[in-house]
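In what follows, a single structure is set out as structure tokens and then discussed.
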Amino acid sequence: MMTGIPAYASTTTSETKQESQSTNEQPPEKPDGEAPSGADGQQGEKPDGEPPEKPDGENPDGEKPDGQPGGGQGGPGGSQGVDSYDAVTEYTEDTDTEGENYTSTGTDENAVLVSNGAAVTLKDSTIDRTSEDSTGGDNSSFYGVGAALLTIDGTTYIDNATITTDAKGGAGVFAYGDGTVYIADSTITTKQDTSGGIHAAGGGTLYAWDVTAETDGESSAAIRSDRGGGTMVVDSGSYTSNGTGSPAVYCTADIAVNDATLTANGSEAVCIEGLNSLHLFDCDITGNMQDLDQNDTTWTFIVYQSMSGDSEIGNSTMQLVGGSVTSENGGLIYTTNTECDILLSDVDITYADDSEFFLRCTGNDNARGWGSSGENGSDCIFTARAPSPMQTEIPFQ
182 MMTGIPAYAS TTTSETKQES QSTNEQPPEK PDGEAPSGAD GQQGEKPDGE
232 PPEKPDGENP DGEKPDGQPG GGQGGPGGSQ GVDSYDAVTE YTEDTDTEGE
282 NYTSTGTDEN AVLVSNGAAV TLKDSTIDRT SEDSTGGDNS SFYGVGAALL
332 TIDGTTYIDN ATITTDAKGG AGVFAYGDGT VYIADSTITT KQDTSGGIHA
382 AGGGTLYAWD VTAETDGESS AAIRSDRGGG TMVVDSGSYT SNGTGSPAVY
432 CTADIAVNDA TLTANGSEAV CIEGLNSLHL FDCDITGNMQ DLDQNDTTWT
482 FIVYQSMSGD SEIGNSTMQL VGGSVTSENG GLIYTTNTEC DILLSDVDIT
532 YADDSEFFLR CTGNDNARGW GSSGENGSDC IFTARAPSPM QTEIPFQ
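Our numbering numbers the first residue of the sequence shown as 182 and each following residue consecutively.
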């Protein structure tokens, strides 16, 4: 769950590694669901192999990735789970559909629910979820209550869909637990709070190709994960968030994004929490975090540990390889109350006019519950590879 931003104390613990040599490495292959493992300044590669084919009405080849879900395991506090889901349409057996329209207007219900190990193909579908009475909150963030499409046990293949929601907790597409979602060539639009575009939690797995997703509400990242983590692999497409506290990518999972446009018009571009990893390859990234009274500073990337229980405590990994970053307001990278490995390789960076820092590793005063004051600094191993990242007079702090 996304939380507010703390004030900062002066405590700073950091280790900075700077590499000036250029690299002639070729872009690695398109991901197939396994997040790269690079750390300690080593550049990770996109996962080997090709992804399954985009859905075309037939179940694509390829198996769910082996191994355990991402490190964002749940912790104490928050919601205790849901016993059952309400849905307008529930698929419990293998089903292929084409040209279907799904509409949901109930409180905290799903328009489409896939369960019982079913393999379901939705081609040329329209899914609309609207409700003035839905509550959103933790059950929506952690378990997918109220999402337009939710897969909890089974596999859903979505091709050429138009998905819209106007309800609190109305995520576009949600993969939870033993659910796997493949979505291609589709459009997702969400209007209310707690309504991510594509979303994974509780160990769910989600693949997306050429999706256009736009969100308007608070706590509504365009690419969103939450308690229990999972795996998300995104190739191409455009992901835009417009709300406060809604980055383009909110990472409490293992997430790889390739050749996508990631834009946050009212928030930082990227947020990573705890023992999780985010790998961005050849992406064009823009963040425009607002100046709010509750914040002492602003940034474009944040790597932190909130202590909310939404992610396991541990080393965060963030790698940007190729592509561009545009910071519309504030500093660039901020870390607090965590350990992290950060790599920037051959990234074209445009700084905000008011940028105060390139990298700030710092403690905080615990106003937001982010660790104990005086003991919540950041241990950061930072690696930059030329040409572009270090051509700046903006200081490290």
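The beta-carbon is built from N, C-alpha and C at its ideal position, and this holds for glycine as well.
To the nearest angstrom, how far is the alpha carbon of D527 from that of M499?
In the sequence shown, counting from the first residue as 1, residue 527 sits at position 346. In the sequence shown, counting from the first residue as 1, residue 499 sits at position 318. Roughly 14 Å between the two C-alpha positions.
Between the alpha carbons of V451 and T444, how many angstroms are there, rounded?
One-based indexing of the sequence shown puts residue 451 at position 270. One-based indexing of the sequence shown puts residue 444 at position 263. So the alpha carbons of these two residues sit roughly 9 Å apart.
Exposure of G377, with buried meaning 16 or more beta-carbon neighbours within 10 Å:
What you label residue 377 is simply residue 196 of the sequence shown in a count that begins at 1. Buried is the call here.
Take the Cβ of S312 as the centre, count every other Cβ of all protein chains shown within 10 Å, and call the residue buried at 16 or more, exposed below.
The sequence position of residue 312 within the sequence shown is 131, counting from 1. By the neighbour-count rule (16 or more Cβ atoms within 10 Å), S312 is buried.
Output the distance between the C-alpha atoms of A268 and A299, rounded to the nearest integer angstrom.
Locating residue 268 in the sequence shown gives position 87, counting from the first residue. Locating residue 299 in the sequence shown gives position 118, counting from the first residue. Cα to Cα, A268 sits roughly 15 Å from A299.
Is L540 buried or exposed, if buried means 16 or more other CB atoms sit within 10 Å of its CB?
As a working mapping, residue 540 is identified with position 359 in the sequence shown. Answer is buried; the Cβ neighbour count reaches 16.
Compute the beta-carbon to beta-carbon distance between G411 and A356, rounded to the nearest angstrom, for a pair I have assumed lies under 8 Å.
To locate residue 411, count along the sequence shown from 1; it is residue 230. To locate residue 356, count along the sequence shown from 1; it is residue 175. Rounded, the Cβ-Cβ distance is 7 Å, consistent with contact.
Give the DSSP bridge partners of E279, in chain order.
Working through the sequence shown from its first residue, we reach residue 279 at position 98. Answer by DSSP bridge pairing, in chain order: K304.
By a C-beta neighbour count over all protein chains shown, 10 Å radius and 16 as the cutoff for buried, is L461 buried or exposed?
As a first step, residue 461 must be located in the sequence shown, where it is residue number 280. L461 comes out buried.
Using DSSP with H/G/I as helix, E/B as strand and the rest coil, what is Y266?
Looking up residue 266 in the sequence shown gives position 85. In the structure shown, Y266 sits in coil (DSSP, three-state: anything other than H, G, I, E or B).
Between which two residues does the alpha helix (DSSP H) containing Y357 stretch?
Walking along the sequence shown from the start, residue 357 turns up at place 176. Careful: Y357 lies outside any alpha helix (DSSP H), inside the beta strand (DSSP E) at V354 to A365.
With DSSP as the reference, label N320 as helix, strand or coil.
As a first step, residue 320 is located in the sequence shown; it is residue number 139 there, counting from the start. N320: helix per DSSP, three-state reduction.
Nearest-angstrom Cα distance between T345 and N291?
As a first step, residue 345 must be located in the sequence shown, where it is residue number 164. As a first step, residue 291 must be located in the sequence shown, where it is residue number 110. Distance between the alpha carbons of T345 and N291: 12 Å.
What is the DSSP secondary structure of E520, reduced to helix, strand or coil?
The count along the sequence shown starts at 1 and reaches residue 520 at position 339. Note: E520 maps to strand in three-state DSSP.
Could you tell me which of W480, G280 and T286 sits nearest to I453, measuring between CA atoms?
Within the sequence shown, residue 453 is the residue found at index 272, counting from 1. The residue with the shortest Cα to Cα distance from I453 is W480.
Spatial neighbours of A365 within its chain, please: C-beta separation below 8 Å, excluding the five flanking residues on both sides.
One-based indexing of the sequence shown puts residue 365 at position 184. Only K235, P236, I339, D340, N341, A389, W390, D391 and V392 meet the Cβ criterion.
Tell me the residue span of the beta strand (DSSP E) that contains N291.
For the purposes of this step, residue 291 is taken as the residue at position 110 of the sequence shown. Its beta strand (DSSP E) spans residues N291 to V295.
Counting C-beta neighbours from all protein chains within 10 Å, is the total for N282 16 or more, i.e. buried, or is it exposed?
Translated into the one-based positions of the sequence shown, residue 282 becomes position 101. Burial call: exposed.
Would you tell me roughly how many angstroms separate the C-alpha atoms of D166 and T336, rounded to the nearest one?
Residue 166 lies beyond the stretch modelled for the chain, which goes from 182 to 578, so this question has no answer here.
What residue from N496, G398 and R566 has the CA that sits closest to A429's CA?
To locate residue 429, count along the sequence shown from 1; it is residue 248. Of N496, G398 and R566, the residue nearest in Cα terms is G398.
Cα-Cα, which of G503, H380, V484 and I369 is closest to D457?
The residue given as residue 457 occupies position 276 in the sequence shown. It should be pointed out that residue 457 corresponds to Asn in this sequence rather than to Asp. N457 has its Cα closest to that of V484, out of G503, H380, V484 and I369.
In whole angstroms, give me the CA-to-CA distance for R472 and N297.
Residue 472 sits at position 291 when you count from the first residue of the sequence shown. Residue 297 sits at position 116 when you count from the first residue of the sequence shown. According to the sequence displayed, residue 472 carries Asp and not Arg. Between D472 and N297, the C-alpha separation is close to 46 Å.
Under the three-state reduction of DSSP, which class applies to C561: helix, strand or coil?
The residue labelled residue 561 in the question sits at position 380 within the sequence shown. Residue state, collapsed to three classes: strand.
Counterpart residues of F538 in DSSP-defined beta bridges
Along the sequence shown, read from residue 1 onward, the residue named residue 538 stands at position 357. F538 is not bridged to any residue.
Pull up the distance between the alpha-carbon of D435 and that of G351, whole angstroms please.
If you number the sequence shown from 1, residue 435 lands on position 254. If you number the sequence shown from 1, residue 351 lands on position 170. Roughly 23 Å separates the two Cα atoms.
So, are the CB atoms of D359 and H380 less than 9 Å apart?
By 1-based counting over the sequence shown, the position of residue 359 is 178. By 1-based counting over the sequence shown, the position of residue 380 is 199. It is not a contact, given that the beta carbons lie outside the stated cut-off.
Could you check what DSSP says for C452 in three-state terms: helix, strand or coil?
Taking the first residue of the sequence shown as 1, we reach residue 452 at position 271. Note: C452 maps to strand in three-state DSSP.
For S315, which of V438, V326, T307 and L331 has the nearest alpha-carbon?
If you number the sequence shown from 1, residue 315 lands on position 134. Of the listed residues, the one whose Cα sits closest to S315 is V326.
Would you identify the three-state DSSP class for W480, choosing helix, strand or coil?
For the purposes of this step, residue 480 is taken as the residue at position 299 of the sequence shown. DSSP places W480 in coil when its eight states are reduced to three.
Where D309 falls: helix, strand or coil (DSSP):
Here residue 309 refers to the residue found at position 128 when the sequence shown is read from its first residue. Here D309 sits in strand by DSSP.
Cβ neighbours of T284 in the same chain (closer than 6 Å, five flanking residues each side left out)
Sequence index remark: in the sequence shown, residue 284 carries index 103 (1-based). Contacts found: D309.
Measuring only the C-alpha atoms, how far is I289 from T386?
Numbered from 1 along the sequence shown, position 108 holds the residue referred to as residue 289. Numbered from 1 along the sequence shown, position 205 holds the residue referred to as residue 386. The displayed chain sequence assigns Asp, not Ile, to residue 289. One C-alpha to the other measures close to 22 Å.
If you draw a straight line from the C-alpha of S497 to the C-alpha of L525, how long is it?
Within the sequence shown, the letter at position 316 stands for residue 497. Within the sequence shown, the letter at position 344 stands for residue 525. Going from the Cα of S497 to the Cα of L525 covers about 14 Å.
If I measure Cβ to Cβ from I494 and keep anything under 7 Å in the same chain, skipping five residues before and after, which residues do I get?
What you label residue 494 is simply residue 313 of the sequence shown in a count that begins at 1. Taken in chain order, the residues that qualify are G455, L456 and Q486.
Under a Cβ-count criterion, where at least 16 other Cβ atoms within 10 Å of its own Cβ denotes burial, should D221 be classed as buried or exposed?
Here residue 221 corresponds to residue number 40 of the sequence shown, with the count starting at 1. Residue placement at D221 is poorly supported in this model, since its pLDDT is 48, which falls under 50; the coordinates are not used for a value here.
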